[in-house]
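Presented below is the structure to which this report refers.
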Amino acid sequence: MTEHRYEPHRIESRWQRVWDDEGTWEVPNEGVDDRPKAYVLEMLPYPSGEPHIGHLKTYSVGDAIAHFRRRNGFRVLHPMGYDAFGLPAENHAIKTGEHPRESTEKSIAAFQRQFRQWGISIDWTREFGTHEPRYYRWTQWIFLRLLAGDLAYRKEAAVKWCPNDATVLANEQVVDGRCERCGAEVEARQLEQWFLRITDYADALLHDLEGIDWPEHVKTMQRNWIGRSEGAEVIFRCEELGIDYPVFTTRPDTLFGATFFVLAPEHPDVLKLAAGGEHEAEVRAYVNHALAETTEARGDPEKPKTGVPLGRTVTNPVNGERLPVYVADYVLMEYGTGAIMAVPGHDERDYAFARTFGLPIRRVIQGPDDRLPYTGDGLLVNSAPAFDGLSNRQAMERIVAWLDREGRGHASVSYRLRDWLVSRQRYWGCPIPVVYCARCGVVPVPEDQLPVRLPDLRDYAPRGQSPLAAAQDWVRTECPACGGEARRETDTMDTFVDSSWYFLRYCDARNDEAAWDPAIVRRWMPVDQYIGGVEHAILHLLYARFVCKALTDMAALDVREPFSALFTQGMVTKQGAKMSKSKGNTVDPAEISERYGADTARCYVLFIGPPDQDVDWSDDGVEGVHRFLSRLWRLGSEVADQAAPADPPDDPAGDDLVLLRKAHWAIDKVGRDMTGRFAFNTAIAAVMELVNECYRQRDRVGDGTLRFAIATAASLVFPFAPHCGADVYDRLTGERVWEQPWPYPDPVLLESDTVELVCQVNGKVRDRIRVPASATEAELKALCRDAPRVRAHLDGREVVKEVVVPGRLVNLVVR
RNA sequence: GCCCGGGUGGACAAAUGGCAAAGUCAGGCGGCCUUAAAAGCCGUUGCCCUUCGGGGCUUGCGGGUUCGAAUCCCGCCCCGGGUACCA
Numbered sequence: 055m056t057e058h059r060y061e062p063h064r065i066e067s068r069w070q071r072v073w074d075d076e077g078t079w080e081v082p083n084e085g086v087d088d089r090p091k092a093y094v095l096e097m098l099p100y101p102s103g104e105p106h107i108g109h110l111k112t113y114s115v116g117d118a119i120a121h122f123r124r125r126n127g128f129r130v131l132h133p134m135g136y137d138a139f140g141l142p143a144e145n146h147a148i149k150t151g152e153h154p155r156e157s158t159e160k161s162i163a164a165f166q167r168q169f170r171q172w173g174i175s176i177d178w179t180r181e182f183g184t185h186e187p188r189y190y191r192w193t194q195w196i197f198l199r200l201l202a203g204d205l206a207y208r209k210e211a212a213v214k215w216c217p218n219d220a221t222v223l224a225n226e227q228v229v230d231g232r233c234e235r236c237g238a239e240v241e242a243r244q245l246e247q248w249f250l251r252i253t254d255y256a257d258a259l260l261h262d263l264e265g266i267d268w269p270e271h272v273k274t275m276q277r278n279w280i281g282r283s284e285g286a287e288v289i290f291r292c293e294e295l296g297i298d299y300p301v302f303t304t305r306p307d308t309l310f311g312a313t314f315f316v317l318a319p320e321h322p323d324v325l326k327l328a329a330g331g332e333h334e335a336e337v338r339a340y341v342n343h344a345l346a347e348t349t350e351a352r353g354d355p356e357k358p359k360t361g362v363p364l365g366r367t368v369t370n371p372v373n374g375e376r377l378p379v380y381v382a383d384y385v386l387m388e389y390g391t392g393a394i395m396a397v398p399g400h401d402e403r404d405y406a407f408a409r410t411f412g413l414p415i416r417r418v419i420q421g422p423d424d425r426l427p428y429t430g431d432g433l434l435v436n437s438a439p440a441f442d443g444l445s446n447r448q449a450m451e452r453i454v455a456w457l458d459r460e461g462r463g464h465a466s467v468s469y470r471l472r473d474w475l476v477s478r479q480r481y482w483g484c485p486i487p488v489v490y491c492a493r494c495g496v497v498p499v500p501e502d503q504l505p506v507r508l509p510d511l512r513d514y515a516p517r518g519q520s521p522l523a524a525a526q527d528w529v530r531t532e533c534p535a536c537g538g539e540a541r542r543e544t545d546t547m548d549t550f551v552d553s554s555w556y557f558l559r560y561c562d563a564r565n566d567e568a569a570w571d572p573a574i575v576r577r578w579m580p581v582d583q584y585i586g587g588v589e590h591a592i593l594h595l596l597y598a599r600f601v602c603k604a605l606t607d608m609a610a611l612d613v614r615e616p617f618s619a620l621f622t623q624g625m626v627t628k629q630g631a632k633m634s635k636s637k638g639n640t641v642d643p644a645e646i647s648e649r650y651g652a653d654t655a656r657c658y659v660l661f662i663g664p665p666d667q668d669v670d671w672s673d674d675g676v677e678g679v680h681r682f683l684s685r686l687w688r689l690g691s692e693v694a695d696q697a698a699p700a701d702p703p704d705d706p707a708g709d710d711l712v713l714l715r716k717a718h719w720a721i722d723k724v725g726r727d728m729t730g731r732f733a734f735n736t737a738i739a740a741v742m743e744l745v746n747e748c749y750r751q752r753d754r755v756g757d758g759t760l761r762f763a764i765a766t767a768a769s770l771v772f773p774f775a776p777h778c779g780a781d782v783y784d785r786l787t788g789e790r791v792w793e794q795p796w797p798y799p800d801p802v803l804l805e806s807d808t809v810e811l812v813c814q815v816n817g818k819v820r821d822r823i824r825v826p827a828s829a830t831e832a833e834l835k836a837l838c839r840d841a842p843r844v845r846a847h848l849d850g851r852e853v854v855k856e857v858v859v860p861g862r863l864v865n866l867v868v869r
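Its first residue numbered 55, the first sequence is counted upward by one per residue in my numbering.
The structure is reproduced here in structure tokens:
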């Protein structure tokens, strides 16, 4: 008798070879068939070191979805690539001298190895890294399109500067005043930089969230980030200097309560207004101090309010009052107009400032009590006869209408979203394809000269300007417009530009004539199911949406929303903490798949808990899943060797019926868990139940029934443990499971002629009886009353109500 | 502060108005296999009471709606995430 031992490595390499040799997961653009398409995509990995357990989870989720869609009749595009530019590789290079290209490509090789070892079903013909010239050539092309469409521009602005990484950052990359990557405190710097006009798309980005199937909390995060506020722009005039200062306010109903006016320290007119006044020197000192202060210290709302009067006034357009003007750091230049009207009676911050500086505080909205500041709704008071007594909501509209008529203001919308700063003073990124010519100014590199190749450097150390500036031969170039001497742009692009369009390139990855063929992109896009971590809820997902919308408006594309459905998977933690090398609590997926096989590793990360939730890794738990796959494989292999092939009986009875019912129950359960819900944990649990039932029934049922039940388990487990599933299925049936359609349950076998009826008295379960499934309500009531333990509890008492849930339960209410 | 999640046996969890605890792990108890051990396998195991028939209790806390609540509503506590002088 041969020994039946589950040897995952033998099985896994065998099937991996088959898939590799046959190109099983390739979906060539030439070979179109009549299946509907499905584009299943996991966020591309950033290749740094070896893949970690989070990667295993992402790609296990994505692969399960890809396999499920394939077997449901879809032609599935499931590609892979690498987000290969970026700071960590460059910092590593500075430390070790190893060129970023080398360390990155080494890491890419490790990812490739792991993806193959895990058996992820990838169409490898579409693979690329964003650092390859054949890719970034088209990143540059997109930049030029945006430039041509006036969606890319250069502007000198106060920008966030990371002193550690020696580069500017996008607003989105500043977290709590610190650099998202390295944690250093961010400084403000005045620099001329490239921006992308994402704010032009604020409304579209907001509005189109309605139509996509994304988790609600991700949509909320994007909405908050865009931060649309409705209100009014109101003009306050400085009579002495004859300058109009518009402010944005969400509360034009409180205009009559304005008692002072504040400018941000960065406001360009601060020094002009203070000039010659008694506080000029003080103002100058205050502004310098404010500019030097860290974003974090300045942003603390607990900090006492500070400021300096400018010695000027502006006129409130609604009542002609002269309001003193202050400079104060609680007003931000980045939002609105950098100036505010201050209404201390109805705003917490203005109230705190007014108290500190002894400024008048006036109530113009009646609240439920006498307390100020009051920020809620109410009736207008102390304003003007035309508005007093109105609800503030109504007053708001009328006051704005009045301002509009008088030419002193208008309804307006303000956004928190800022334009996307894409310049980076770093080496390992996509060069920005423009040159500077003394005669012609900023000149785009002509498309036929792309790519602007990243030169090879040996010294990447940041010195406050891009390391590329040191490559003088490269920097010096010819102006494409006039042929004169010119200099290349030495900044590179934010890597989020690279990853804002990679999903388009997968559609037509080998096209050397264009970024994509529009007809091919139309065939695959949008991504039907996108999978990734929630940490990209704002940055990547917002940028990618913006790029698609912009290119679509320029007729280069026809994709308003790139990702129809999004699934955000949770983190894998160890002992409740995020895994990190410094904490020493990492789990190496390669080690797990070496010890137990890839199927066990994949199945376990999915089984451990709902995939959208954070889950805690436990080494003991892995053993359990390994045991389950071993049991399945062993039973399948024994039955294949020992029992003659046979079909399940046409008219099953007894234990055969029990096992067949269990199999169809599992088919039904797994199918429902995978549709929309991605409840892989309960789907795997259902297959475990089926396998357990197979063991219980193995000596009592016919060969055909047992074969069918085990083959069903193999078929159902295939999306999670593809090698084991394929192997068991092959042994039992000689067929390739991935070529089989996803099974459907037989409705006859999902139902039974008797059901268990739960009998309750006053809502408490007193008995359970088997009753015919066809019993009527009246019969169920009678059967319930007759159940022995029910009778004991009725005990002659009066039944005042009977509730029947057909096929499940009867509740008798007694007094 | 505001906006989202979440809180169920020793652990991960299942159940989204109808049998609370499916499945997995860990520990306990009993058994099979073995000369023996390891491994493996099977059964059993939430807590309390019991005259062994059964009875009572249990989903963060307090109230409510309902014949019936882990699930819906109100108030509170705790944990996690996002966000914040955004006018």
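Think of the CB as a built atom: it goes at the ideal place given N, C-alpha and C, for glycine as much as any other residue.
Note that the structure is a prediction, hence the values are computed from the model and not measured.
Using a Cβ distance threshold of 7 Å, Val626 and Ile107 count as a contacting pair.
When beta bridges are read from the DSSP output, Gln247 appears opposite Lys209. Non-local beta-carbon contacts of Phe128 in its own chain, meaning distances under 8 Å to residues more than five positions away in sequence, involve Arg89, Pro90, Lys91, Ala92 in chain order. His121 sits close to Pro773, with the two beta carbons spaced by under 7 Å. Using a Cβ distance threshold of 7 Å, Tyr560 and Glu144 do not count as a contacting pair. Each of Gly443, Ala408, Asp404 was checked against the Cα of Val418, and the nearest Cα belongs to Gly443.
Nearest to Ile738 by C-alpha distance, out of Arg656, Cys813, Pro797, Asp800, is Arg656. Under the DSSP assignment, His343 falls in the alpha helix (DSSP H) whose first and last residues are 334-346. Of the residues assessed, Gly483 falls on the buried side of the cut-off, its CB having 16 or more other CB atoms within 10 angstroms. With a cutoff of 7 Å on beta-carbon distance, Pro319 and Val362 are scored as not near each other. In the structure shown, His464 falls within a strand segment according to DSSP collapsed to helix, strand and coil.
One Cα belongs to Arg125, the other to Asp701, and the distance between them is close to 23 Å. Around the Cβ of Met134, a 10 Å sphere holds 16 or more other Cβ atoms; the residue is buried. Under the three-pair Cβ rule at 8 Å, the stretch 782-797 does not count as touching the stretch 735-749.
Ranked by how close their Cα comes to the Cα of Glu375, the residues Asn746, Thr112, Leu309, Pro427 have Leu309 in first place. Going by beta carbons, Arg425 and Gly399 fall outside the 7 Å limit. In the displayed model, Tyr556 falls within a helix according to three-state DSSP. Beta-bridge partners of Gly135 (DSSP): Phe182. Between the alpha carbons of Gly495 and Met579 lies a distance of about 38 Å. Just so you know, the alpha carbons of Asp705 and Met275 end up roughly 56 Å apart.
Between Ala224 and Trp570, the gap from beta carbon to beta carbon reaches 7 Å or more.
Secondary structure of Trp671 (DSSP, three-state): strand. Counting every other CB atom within 10 Å of its CB across the protein chains shown gives Thr808 a total below 16, marking it as exposed. Under the criterion of beta carbons closer than 8 Å, Ala604 and Gly203 qualify as touching, at roughly 7 Å. When Lys273, Glu287, Val288 are compared, the shortest CA-CA separation from Gly281 is found for Lys273.
Per DSSP, the unbroken alpha helix (DSSP H) holding Pro842 starts and ends at 842-848. Cβ neighbours of Thr410 within its own chain (closer than 7 Å, five residues either side excluded): Pro358, Lys359.
Measuring C-alpha to C-alpha distances from Arg715 to each of Glu152, Arg688, Leu250, Leu803 identifies Leu803 as the nearest. Distance between Leu198 and Trp528, taken at the CA atoms: about 20 Å. Sequence-distant partners of Asp709 (beyond 5 residues in either direction) whose C-beta falls short of 6 Å from its own C-beta, in its chain, are Gln751, Arg754, Val755. Contact annotation: Gln171 and Ser647 have beta-carbon atoms nearer than 7 Å. DSSP places Lys149 in no beta strand (DSSP E) but in the uninterrupted alpha helix (DSSP H) bounded by 141-150.
When rounded, the separation of the alpha-carbon atoms in Ala697 and Gly690 is 10 Å.
Counted as a single uninterrupted DSSP element, the stretch harbouring Phe128 is not any beta strand (DSSP E), since DSSP gives it neither H nor E. Asp653 sits close to His777, with the two beta carbons spaced by under 7 Å.
Pro487 and Glu186 have their C-alpha atoms roughly 15 Å apart.
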